[in-house]
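Just so you know, the protein sequences line up as chains D and A, in that order.
Position 175 of the first sequence, counted from 1, bears residue number 175 in my numbering, the numbering being contiguous throughout.
Position 73 of the second sequence, counted from 1, bears residue number 73 in my numbering, the numbering being contiguous throughout.
Don't be surprised by glycine CBs; every beta carbon is placed ideally from N, CA and C.
These figures come from a predicted structure and were not determined experimentally.
Structure record follows, encoded as structure tokens.
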Amino acid sequence: MGIAVQVEQVGKSYGKKTVLQDVSLQMRQGQIYGLIGPSGAGKTTLVKMLVGMERADTGAVNVLGQAMPNLKLLQDIGYMAQSDALYTELTGEENLTFFASLFKLGKEARKERIQYAAGLVNLAGELGKRVSAYSGGMKRRLSLAVALIQNPRLLILDEPTVGIDPQLRVSIWNELLRLKREEGKTIVVTTHVMDEAARCDYLALVRDGRILASGTPQELLAQYKVDNLEGVFLAAGGSGR
Amino acid sequence: MRTRALIARICRQMVRDKRTLALLFVAPLLVLTLMYYILNGGEANEPRLGIVHWDSALQGMLEKAGIVVVPVSDASAGTIEEHNLDAVLTVDGGRPALTLENADPTQAKALRMKIGQIAALQSLAGLGLPMEAAGQSEIETSYIFGGPESSFFDVLSPILVGFFVFFFVFLISGIGLLRERTTGTLERLLSTPIRRGEVLTGYLAGYGIFAVIQTVIVVVYAVNVLDIPLAGSIWNVLLVNLLVALVALSLGILLSTFASSEFQMVQFIPVVVIPQVFFAGILPLDGMADWLQALAVVMPLYYAGDALTGVMYRGEGIGDIVSNLLVLAAFAAVFIALNVFALKKYRK
């Protein structure tokens, strides 16, 4: 299996504040990769580098075999930001249509993808409503549908399940697992919910702009001799202080 | 294709936002109409003048000039108060003396000038000139621009038309884009394969459509409903205003980069918009200090005001305003270039 994402010794700082320091990561294709860590750890900055919205001060970021930032590559990356970036005056369908038309998609394919993505997040019946009338969870789901709209090979989801009820969270995760299994997609997820972390194939613990530890969930449990990921997190964080 | 999708989206959003549309299309007409009535209605009151030494010839001339004449006994403040007068004329040893109430200095000044002229004519009459000749001798007057009916509003209105186009387009495009920045949709947009140039073209064209509609409504309303004199071609007026809209659009989008909330965007109005009003030609530039005049060079509305009064009041053709148009186009080009640069913030 090929390498989907390669991050090599990346550093980034805003003014005097160092946000990322010597971060190296390798993500294989067809895996779910979890970035876990507290708020302000640098997860979002790292994720934005994968989408080409930030440039690393030092080091290199390679996505799907090409150096980022790369405009053409964005066709293959589905990105879901932390905030619901939706046009609230428009209906759900108009939002999806707008984002779909920014990508290279045939007219038929576009319609198909809109139906598919809306069905996936259980919004097929609500597409005619304006987004301003959506609940928080519905907006989050629509954001996820937008990220999936162009059928990207790599999905980058920044805290996708914040504000979503437990039932829907389970169904979204089941869908992510299915996308990985059946369509071979690579998925990068940031989260600070530990039971979500447990469902990832590979984890990286991010804290204060560094990768504290990385490995499969089992490897991490064994390494820190604890019986849950919360323990890993506390142990890793504690040793860093 | 992507640009078209962006334009369609902006239009759809604008049409859904009825209040913003009303602000864009109706508010300028409202303010323009209000100013029209305020500035044209200033001469409604006939001044009342008290005269101590009665003279029927003088009375006839004063009444001809539209002054209400009231016989009084003295020029005291009490008399003025009692008869509700604006001034009292006394003749002391053959020399006329005027006491003005001066409640409104502008009106008082105008009255003093009128009476001064009549007094001069009166003394001419005293020199033996036939009364009729003196009374009817209207000074032969000709006007280079406008006519005897020209009011302050006629000179002001072309500038106002340009100003409204500038102000409302600036405000709406600036806040529109700012909202995209704060809600993260701009960032989201730039995480798709769209080019920065396409984004900017889309915004310029999307908001530009509404700017064009507004410009047409304001100009047509001003000329046809308010009867603002239009000496030149309406197409040239539209052309100037379109360039003004483009400058306002690109400047609004650019400045929204430096604002982090709608409130901060509004703070740009006293800094960026209001000073331009002073240099647009409402106040005479010739009387300003040299360094102030130098400042006018960097104000887009200075060129717009000159071009608009040129076309609408002085009846200039395209050849006379072409330099102003070029400067406006240059402003827009600079702002657009800076915008492309500013969007780098979102995609390195």
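Q.
Just verifying my parser: in three-state terms, what is the DSSP assignment at D:L177?
A. Reading the first sequence from its first residue, position 177 is the one you call residue 177 of chain D. D:L177 falls in the helix class under three-state DSSP.
Check your understanding: Taking the alpha-carbon positions, what's the A:V71 to A:L111 distance?
Key -> Against the second sequence, residue 71 of chain A aligns to sequence position 71. Against the second sequence, residue 111 of chain A aligns to sequence position 111. One point to set straight first is that residue 71 of chain A is Pro, not Val, in the sequence displayed. Taking the straight line from one Cα to the other gives about 18 Å.
*Indicate the three-state DSSP secondary structure (helix, strand or coil) for D:K43 in the structure shown.*
Sequence index remark: in the first sequence, residue 43 of chain D carries index 43 (1-based). It is helical.
_Do D:V189 and D:L50 have their beta-carbon atoms positioned less than 8 Å apart in this structure?_
By one-based count along the first sequence, residue 50 of chain D stands at place 50. By one-based count along the first sequence, residue 189 of chain D stands at place 189. No, the pair does not count as a contact, with Cβ atoms beyond the cut-off.
Query raised in the report: Hey, D:G125 and D:T58 are a contact pair by Cβ (cut 8 Å); roughly how many whole angstroms apart?
Result: By one-based count along the first sequence, residue 125 of chain D stands at place 125. By one-based count along the first sequence, residue 58 of chain D stands at place 58. Contact between D:G125 and D:T58 is ruled out by a C-beta separation of about 49 Å, above the 8 Å threshold.
>> When you compare the stretch 325 to 343 of chain A with the stretch 246 to 261 of chain A, are there three or more beta-carbon pairs, one atom per stretch, that lie closer than 8 Å?
In response: Judged by pairs of C-beta atoms under 8 Å, the stretch 325 to 343 of chain A touches the stretch 246 to 261 of chain A, as three or more such pairs exist.
Interface residues of chain D around A:E349 at Cβ under 8 Å?
What is shown of chain A runs 1 to 348, which leaves residue 349 of chain A out entirely.
### Task
Give the residues from the stretch 157 to 181 of chain A that approach chain D closer than 7 Å (Cβ to any Cβ), ordered along the chain.
So nothing in the stretch comes that close.
- prompt: Mind listing which residues of the stretch 159 to 177 of chain D have their C-beta closer than 7 Å to chain A's C-betas, in chain order?
  reply: Sequence-ordered contacts of the stretch 159 to 177 of chain D with chain A are nonexistent [C-beta pairs closer than 7 Å].
For D:Q246 versus D:N95, is the C-beta distance shorter than 8 Å?
Lying outside 1 to 241, the shown extent of chain D, residue 246 of chain D is not represented and no answer is given.
Practice prompt. Report yes if the C-beta distance between A:L178 and A:A259 is below 8 Å; otherwise report no.
Written response: The residue given as residue 178 of chain A occupies position 178 in the second sequence. The residue given as residue 259 of chain A occupies position 259 in the second sequence. Closer than 8 Å, so yes.
Query raised in the report: Taking the continuous alpha helix (DSSP H) assigned at A:I336, which residues delimit it?
Result: Residue mapping note: residue 336 of chain A aligns to position 336 of the second sequence, counting from 1. The continuous alpha helix (DSSP H) containing A:I336 extends over residues I318 to A342.
- Taking all protein chains shown into account, decide if D:E182 is buried (16 or more other Cβ within 10 angstroms of its Cβ) or exposed. Looking up residue 182 of chain D in the first sequence gives position 182. Exposed is the call here.
Just tell me which of A:S157, A:Q293, A:W291 and A:T182 has its CA closest to the CA of A:M35.
Your numbering for residue 35 of chain A matches position 35 in the second sequence. Of the candidates A:S157, A:Q293, A:W291 and A:T182, the one whose C-alpha sits nearest the C-alpha of A:M35 is A:S157.
Along chain A, in chain order, which residues have C-beta atoms closer than 7 Å to that of D:E8? The count along the first sequence starts at 1 and reaches residue 8 of chain D at position 8. Ordered by position in chain A, no residue passes the 7 Å Cβ test against D:E8, which lies about 17 Å from the chain.
message = Between D:Q75 and chain A, is any beta-carbon pair separated by less than 8 Å?
response = Against the first sequence, residue 75 of chain D aligns to sequence position 75. By this cut-off, D:Q75 is an interface position.
Span of the beta strand (DSSP E) around D:K12:
For the purposes of this step, residue 12 of chain D is identified with residue 12 of the first sequence, where counting begins at 1. In the DSSP assignment, D:K12 falls within the unbroken beta strand (DSSP E) covering I3 to Y14.
Since A:A5 meets chain D, which of its residues come closer than 7 Å, beta carbon to beta carbon? Translated into the one-based positions of the second sequence, residue 5 of chain A becomes position 5. Within chain D, the C-beta atoms nearer than 7 Å to that of A:A5 come from F98, S101 and L102, in chain order.
In chain A, which residues lie less than 7 Å from D:K185 when you measure between Cβ atoms?
Looking up residue 185 of chain D in the first sequence gives position 185. Here the premise fails: no neighbours, minimum Cβ distance about 17 Å.
What in chain D is Cβ-close to A:Q13, meaning under 8 Å? One-based indexing of the second sequence puts residue 13 of chain A at position 13. What A:Q13 touches in chain D: Y87, E89 and L90.
Could you tell me which chain A residues have their CB closer than 8 Å to the CB of D:L154, listed as they occur along the chain? For this step, residue 154 of chain D is matched to residue 154 along the first sequence. Neighbours of D:L154 on chain A: none; closest Cβ ~12 Å, over 8 Å.
task: Residues of the stretch 11 to 39 of chain A with a CB closer than 7 Å to any CB of chain D: list them in chain order, please.
output: Listed in sequence order: R12, Q13, R16 and D17.
Notebook entry, point to check: What's the C-alpha gap between D:D227 and D:L177?
Noted result: As a first step, residue 227 of chain D must be located in the first sequence, where it is residue number 227. As a first step, residue 177 of chain D must be located in the first sequence, where it is residue number 177. Rounded to whole angstroms, the separation of the alpha carbons of D:L177 and D:D227 is 24 Å.
key: Bridge partner(s) assigned by DSSP for A:Y303   = On the second sequence, position 303 is the one that residue 303 of chain A refers to. For A:Y303, no pairing in a beta bridge is given by DSSP.
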